Amino acid sequence: MGVIGAGVAGLTLACLLAQRGHAVTVYDRGPLGGKLQRVWHAGRWIDSGPSLFTFPGVWRLVLSRLSETDPLDLQPLPGLGVHYVPGAQLPLPVPVDHPLYEHWVRYCNEVAPLAPHIQTLLTTPPSLTRPRFVEASRALARLLLPHPNAERWLRARALPAPLHHALAAHTLNAGVGPHAGSALYALLPALMAHDVWRPRQGMFALIEALCGFARARGVTLRPDTPVERLDVRGGLVDLGSEMRRHDQLVSAIDPTRLAGLLGRATPRGVLSVSGLALYGVTASEAELPLPPTSVIAPSDYRSFEQAMRARVLAPDTLSLVHYQHYQAYQASARVLSVLLTVPASAGAYRAQHPWVAGQLRRIEEQLGVSLHGELSTALRISPADLAVGGATGGAIYGRVFAPWRAGPLHPQRYRLGARLWQVGTGVHPGGGLPGVLGSALIVDELLQQHHAP
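The sequence shown begins at 31 in the working numbering and counts up one residue at a time.
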C-alpha cells in the first residue's frame, strides 16, 4: 500500500492498514503531520494547526481498531469559547444564569435526537445497504429538511440575534459562511459544546502517537519525499530519483494536488476559506485575562461571504483566539494563537499589513486586551504557506460543494479506480479532526471489503 500525504488522515489510515497486515509506505513532500506541526520559535515549541479536539469517540474507535490505549491524556475545555457578536458576548454552551439560556436549551433539545447518530455519520461508509447509516441519515434529514443552508435553518428557529449569529459562525468548520454552508454545521455547537478537549502535551501529541503506532506496525514513513507523478494503472509512485510500485494507492492530499500528479486537469470551483495564523509565546507569569477560546464573528456574514467568494479581504472577518497553557513537553509557557479568516488567494500577509493590523485592533477592542507584546515576534503561517503542499490558494477545505453534499453525502468518491483511493478533507470535509479520522476509518473498512475473499 502506498499512501500519499502524511497528515492526520494519511497516518491514521496507514496505521489501520498495517494493523490488518498490509505493508504500507507513506510519502510526504514535507514533514510528518500535514497542517499539524510542532515548530521551534522564539525559544519555545509551538503547535500549529487545529486547536480543539472534538467528538473524541471517533479517536477512541481508531484506538479500538488498533488495540491501543489512549496516549493523549485529553483534558476538557470549557466549551466552544466566548463568542463576540454584534452587541453581545456569548459563551457556548450558554451558562444557566444567562438571559439566553432558555433559547440555548430549546435549540439543544431540538438537535438532541441526532446525538446518538453523529459518530455513525462520521465513521460509516455511505451506503443504503447499511442499516445504521440509513437510520443515521434519516435522523439527520428529519432535522435539516427543508432548509438548504445554515442561515435558513437558524432563521426558522427564531432564535435571538446574538445566539443566531454565534451559531452561524460554526459553518466555518466547513470553510464557508452560513448562506453557503449546510444546515448540518448549525447543529454542531449543540452536539459538541460539552465535548471539547485538548491533549495535555499539545495537539501535536496526536501526530506523535500516530507515528509511534505506525512505526510499531512496520509502516515505512518517508517525509520530505516529494512525489512527482502517479501511474495508477501500474501502481507506480514516481519520486524522480526512484520509482516505487504498490498494489493499491491512497491519496491523502487535496484533490487538486492529486489531479496534478495524475496529469489531469485541475478541478475548478469556488474555494473554501484560508487562514492567517499568528502564534506568540509568553511566560506563564504574564497571564492574559482571556478564556481558552474566543470567537470574534464578522459583523455581517453576507458581505464576509461575498468577499471570500471574490477572493478579496472582507471589511471584518471571523477571528479565533486560543490561549493555551503548556507544561508537559516544555518549560511552562502560554501560547497565544490568533487565526484570521482570509480568502484562498495564497496571500503572504504579514502582521504589519494594514488590513491585518486593523483586524488585530478589532480583536483587541472586543477582548479588551492588548496583544501587541505577545504578537510582536509571532510565528506566522499564511495562505501562501498552506498553498505549498495543500489546496489551491491555501484553501483549508479545498473546493466548496453544494450544502446538500455535506454530511453523509460526501462530495468526493472514496474509490477513484481499481487501484486508487482517497481519504481526508477532500472526501470528508468539515468537522476538523473527527472528519479526517472518520474518513480513515471509512476507507479502512472499504479496503478490507475490497480485499475480502
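For glycine and all other residues, C-beta sits at the position ideal for the given N, C-alpha and C.
Since we're looking at a predicted model, the values are computed, not measured.
List the DSSP bridge partners of Gln-354. DSSP lists Val-365 as partners of Gln-354.
Where does the unbroken beta strand (DSSP E) through Val-303 begin, and where does it stop? Note, Val-303: premise wrong, no beta strand (DSSP E); not H, not E.
Are at least three pairs of beta-carbons, each pair with one atom in the stretch 120–133 and one in the stretch 183–199, less than 8 Å apart? Counting C-beta pairs closer than 8 Å gives three or more between the stretch 120–133 and the stretch 183–199, which meets the contact rule.
Skipping 5 residues on each side, what residues in its chain have a beta carbon closer than 6 Å to that of Gly-462? Correct list, in chain order: Pro-80.
Simplified DSSP state of Arg-245, which is helix, strand or coil: Helix.
By alpha-carbon positions, which one of Thr-422, Leu-175 and Arg-228 ends up nearest to Val-300? For the residues Thr-422, Leu-175 and Arg-228, the minimum Cα distance to Val-300 belongs to Thr-422.
Determine the burial state of Tyr-131: buried for a count of at least 16 other Cβ atoms within 10 Å of its Cβ, exposed for fewer. Tyr-131 comes out exposed.
Taking C-alpha atoms, which residue in Pro-208, Arg-90, Ala-171 and Leu-202 lies nearest to Thr-99? With distances taken between Cα atoms, Thr-99 lies closest to Arg-90.
Tell me, please, which residues DSSP counts as bridged to Leu-308. In DSSP, Leu-308 forms a bridge with Val-368 and Arg-410.
Hey, out of Arg-364, Gly-420 and Thr-371, whose CA is closest to Ala-344's CA? Minimum Cα distance to Ala-344 is reached at Thr-371.
Which of the three DSSP states is assigned to Asp-77 in this structure? In this structure, Asp-77 counts as strand in the three-state DSSP scheme.
Going by other Cβ atoms of all chains shown within 10 Å of its Cβ, with 16 needed for buried, is Val-126 buried or exposed? Val-126 is exposed by the Cβ-count criterion.
Which residue marks the beginning of the beta strand (DSSP E) containing Gln-452, and which one marks its end? Per DSSP, Gln-452 belongs to the beta strand (DSSP E) from 450–452.
What is the residue span of the alpha helix (DSSP H) that Leu-221 lies within? If you look at Leu-221, you'll find it in the alpha helix (DSSP H) that goes 214–222.
Just grab the DSSP bridge partners of Pro-121 for me. Note: Pro-121 sits in a beta bridge opposite Val-112.
Pull up the distance between the alpha-carbon of Leu-240 and that of Val-280, whole angstroms please. If I take the Cα positions, the gap works out to 17 Å.
Classify Ala-282 as buried or exposed, calling it buried when 16 or more other Cβ atoms lie within 10 Å of its own Cβ. Answer is buried; the Cβ neighbour count reaches 16.
My output table needs one value for Ser-167: the three-state DSSP class, helix, strand or coil. It is helical.
Quick one: any contact between the stretch 143–152 and the stretch 247–262, if contact means 3 or more CB pairs under 8 Å? Taking a contact to require three or more Cβ pairs closer than 8 Å, the stretch 143–152 and the stretch 247–262 do not qualify as touching.
Report the partner residues of Thr-286 according to the DSSP bridge assignment. None; Thr-286 has no bridge partner.
Can you check which of these residues, Arg-182, Ala-213, His-209 and Ala-196, is closest to Leu-170 by C-alpha distance? Ranking Arg-182, Ala-213, His-209 and Ala-196 by Cα distance to Leu-170 puts Ala-213 first.
Coil, strand or helix - Gly-447 by DSSP: Here Gly-447 carries a strand assignment [DSSP, helix/strand/coil].
Where Arg-259 sits in the DSSP three-state scheme: If DSSP states are grouped into helix, strand and coil, Arg-259 belongs with the strands.
Specify whether the stretch 211–227 and the stretch 164–184 touch according to this definition: at least 3 beta carbon pairs, one from each stretch, less than 8 Å apart. With the cut-off at 8 Å, the stretch 211–227 and the stretch 164–184 touch.
Mind reading off the beta-carbon distance from Ala-376 to Ala-414? Whole number of angstroms is fine, and I expect it under 8 Å. That pair is a contact at about 5 Å.
Going by DSSP, name the residue or residues bridged to Tyr-68. Correcting the residue type first, residue 68 is Arg in the shown sequence and not Tyr. Per DSSP, Asp-77.
Check whether the stretch 261–277 and the stretch 400–418 touch, using three or more Cβ-Cβ pairs below 8 Å as the test. The stretch 261–277 vs the stretch 400–418: no contact.
Proximity below 8 Å, CB of Ala-337 to CB of Pro-373: Result yes, Cβ atoms of Ala-337 and Pro-373 sit closer than 8 Å.
Coil, strand or helix - Gly-32 by DSSP: In this structure, Gly-32 counts as strand in the three-state DSSP scheme.
Go ahead and pull the three-state DSSP assignment for Thr-42. DSSP places Thr-42 in helix when its eight states are reduced to three.
For Phe-85, tell me which candidate among Val-466, Ile-472, Glu-475 and Leu-476 has the shortest Cα-Cα distance. Answer by Cα proximity: Val-466.
Assuming Arg-228 contacts Thr-312 under a Cβ cut-off of 8 Å, what Cβ separation, rounded to an integer in Å, is found between them? 18 Å between Cβ atoms; not a contact.
Classify Ala-44 as buried or exposed, calling it buried when 16 or more other Cβ atoms lie within 10 Å of its own Cβ. With 16 or more Cβ atoms within 10 Å of its Cβ, Ala-44 is classed as buried.
Please return the same chain residues whose Cβ sits closer than 8 Å to the Cβ of Arg-160, not counting the five positions on each side in sequence. Once the five neighbours on either side are set aside, the close Cβ partners of Arg-160 are Thr-154.
For Ile-426, the three-state DSSP class (helix, strand or coil): Coil.
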